[in-house]
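Encoded as structure tokens, the structure appears first; notes follow it.
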Amino acid sequence: MKMSIVNEPKYKNGLLQAIREQLEHRALWMYLLCDEAKKKGLNPEEYAPAAIKRCGLYQGANLVKKGGMGKSLRGLKKALFGFAARLVFEMKIKRCDDDHLDIDFHYCPLVKAWQKQGCSDEEICMMCDHAMCGDRGIAESFGCRLDLPKTIAKGDGVCEIRFVRK
Numbered sequence: 013m014k015m016s017i018v019n020e021p022k023y024k025n026g027l028l029q030a031i032r033e034q035l036e037h038r039a040l041w042m043y044l045l046c047d048e049a050k051k052k053g054l055n056p057e058e059y060a061p062a063a064i065k066r067c068g069l070y071q072g073a074n075l076v077k078k079g080g081m082g083k084s085l086r087g088l089k090k091a092l093f094g095f096a097a098r099l100v101f102e103m104k105i106k107r108c109d110d111d112h113l114d115i116d117f118h119y120c121p122l123v124k125a126w127q128k129q130g131c132s133d134e135e136i137c138m139m140c141d142h143a144m145c146g147d148r149g150i151a152e153s154f155g156c157r158l159d160l161p162k163t164i165a166k167g168d169g170v171c172e173i174r175f176v177r178k
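Printed below as a string of structure tokens:
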């Protein structure tokens, strides 16, 4: 699998960088936990996706309340994808209604953290898939599925995040 992950921010002010570093820290924890597990003969594939999805389900239940619109994806946009988040991930909201939320991310601090650790493109792709289990849990909390037609971790220039009502 030959990829070339390009993941450089367009916007680089100090506040955005500080927020991105906090997100990188979360990704670093995830990577190091999985790396230590492998050293002990455990397979992260056997536990990481389920554990991270549990986190997403927990967060999703809170986001349903916080959004104040029931399970409408308009509420998810309001609760999770506000102005600051859109700047940090360099997002473009492509579509938002009760049953669809389409967002393109043009930068990912999690991928950047894994790149800084020297992870291979294949490792980054796997870590991204694990991390997205949290977003899958959030989607499930809203009665939706999450589609990912493109991801930065797979070498695409964008993450196409698509929440779609089941």
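Residue numbering for the sequence shown follows our numbering, starting at 13 and increasing by one per position. Every residue gets a Cβ at the ideal spot worked out from N, C-alpha and C, and that includes glycine. Please read these numbers as outputs of a predicted model, since none were measured by experiment.
For CYS108 and LEU85, the rounded distance between their alpha carbons: 7 Å
Which of helix, strand or coil DSSP assigns to LEU54: coil
Delimiting residues of the beta strand (DSSP E) encompassing ILE115: 112–117
LEU44, DSSP secondary structure in three states: helix
7 Å CB neighbourhood of ARG148 in its chain, flanking five on each side removed: LYS65, GLY68 and LEU158
Contact belief for ILE115 with PHE93 at Cβ below 8 Å, rounded distance in angstroms: 6 Å
Outcome for LEU44 when other beta-carbon atoms lying within 10 angstroms are tallied against a minimum of 16: exposed
First through last residue of the alpha helix (DSSP H) which encompasses LEU158: Taken as a continuous stretch (DSSP letters only), LEU158 belongs to no alpha helix (DSSP H), being part of the beta strand (DSSP E) at 156–159.
Cβ pair count under 8 Å reaching 3, the region 72–91 against the region 128–143: no
Extent of the continuous beta strand (DSSP E) to which VAL176 belongs: 171–177
Where the alpha helix (DSSP H) through CYS137 begins and ends: 133–153
Assigned secondary structure, ILE31 (DSSP; H/G/I helix, E/B strand, else coil): helix
C-alpha gap between VAL170 and LYS162, whole angstroms: 6 Å
With 16 other Cβ atoms within 10 Å as the buried cut-off, status of LYS52: Classification of LYS52: exposed, given that the 10 Å Cβ count is below 16.
Proximity to GLU36 [Cα-Cα], best of TYR70, PHE101 and GLY72: Ranked by how close their Cα comes to the Cα of GLU36, the residues TYR70, PHE101 and GLY72 have PHE101 in first place.
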